[in-house]
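See structure below.
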Amino acid sequence: MTSNPFAVGDIVRLKTGTSPQRVIAVGRVNITAKYTSPGGHHYPPTTRHHDKFIHFEEPQMSQPTLFKTPDNQYGTLLARDSAGNMVLELKGSVPKVQAYTPDQLEEVRPYTILVQAVGDARSEFHMEADKGSVEEGDLVFLPKHNTLVKIVKLDTKSKSARCRLKGIKLVGEPIAA
C-alpha cells in the first residue's frame, strides 16, 4: 500500500485542475485541502483520496524566443524597426545587436512529433522527442497515460508540445493466418 505523499501545509492542486490548495489535514489515504486563491474563499475544504492531487508548481516564466540567423548565430528579439525588420540581440562572447528581415530568420524549436491515440482519430497532440527515436507509423505505449499512440508525423516544429515522449516502442512479428 502506498503511503500518503502529502503533509499539512503543502500546496497542491487537483490533477484535473490548476488552482492551488493548501493541505489542512492528512489521513492514511485522504487529504483535506482548501483553495488558497482569493476567488476560492467561498469553497469549503474538501476531503479526497490523495491520488486525486499533485504538488502545485508555480508556472515558470516563459523564455524569450530564440532565432537562428543566416550566418548560424543565435539571438533573441528586442524590437521591430520602422521597416519591419526584427532587431535581435545576438548571443556570444561579445553580444551585439543586428536587424534582419523576418524571412532571414528561423525560430529555434525543439524536435516535435504528432501522435494520435489509437482508436480515437480525434485525439492528436504534439510531443517533444529525440530525432530518430521513432518513425511515422510506429506504435508507442505511454505508461504514464496508459495510452497507445501512433506516430503520425515527424519534425512538426510545433509550439504546442507540452510533454516529452516517454514510452515503449512496440515492435512485433506478423502473425501468420
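Counting from 1359, one number per residue, gives the positions in the sequence shown under the numbering used here.
Glycine residues also receive a C-beta, built at the ideal position from the N, C-alpha and C atoms.
Just so it is clear, the structure is predicted and the values come from calculations on it, not from any experiment.
Assign Thr1470 to one of two classes, buried (16 or more other C-beta atoms within 10 Å of its C-beta) or exposed (fewer than that). That one is buried.
Please list the segments of the beta strand (DSSP E) lying wholly inside the segment 1457–1531, counting only runs of 3 or more residues, in order along the chain. With a minimum length of 3 residues, the continuous beta strand (DSSP E) runs that stay inside the segment 1457–1531 are 1470–1475, 1482–1486, 1497–1500, 1505–1511, 1526–1528.
Expressed to the nearest angstrom, what Euclidean distance is found between the alpha-carbon atoms of Leu1528 and Val1507? One C-alpha to the other measures close to 10 Å.
Under three-state DSSP, which class holds His1408? The answer is helix: DSSP assigns His1408 an H, G or I state.
Does the segment 1507–1523 come into contact with the segment 1482–1499, if we say contact requires no fewer than three beta-carbon pairs (one atom in each stretch) closer than 8 Å? Yes, the segment 1507–1523 is in contact with the segment 1482–1499.
Quick check on Asn1388: does DSSP put it in helix, strand or coil? Reduced to three states, the DSSP call for Asn1388 is strand.
Within the same chain, show all residues whose beta-carbon is closer than 7 Å to that of Glu1465, passing over the 5 residues directly before and after it, in chain order. Excluding sequence neighbours, Glu1465 sits near Thr1423, Phe1425.
Three CB pairs or more closer than 8 Å across the segment 1429–1444 and the segment 1375–1390: Output reads no: the segment 1375–1390 does not touch the segment 1429–1444.
Straight-line gap, Ile1369 to Pro1363 (C-alpha atoms, nearest Å): Straight across, the Cα-Cα distance linking Ile1369 with Pro1363 is about 12 Å.
For Leu1512, tell me which candidate among Gly1530, His1484, His1400 has the shortest Cα-Cα distance. Relative to Leu1512, the option among Gly1530, His1484, His1400 whose CA is nearest is His1484.
Give me the Cα-Cα distance between Thr1404 and Lys1392, rounded to the nearest whole angstrom. Cα-Cα distance, rounded: 7 Å.
Would you tell me roughly how many angstroms separate the C-alpha atoms of Arg1406 and Ala1475, rounded to the nearest one? Cα-Cα distance, rounded: 30 Å.
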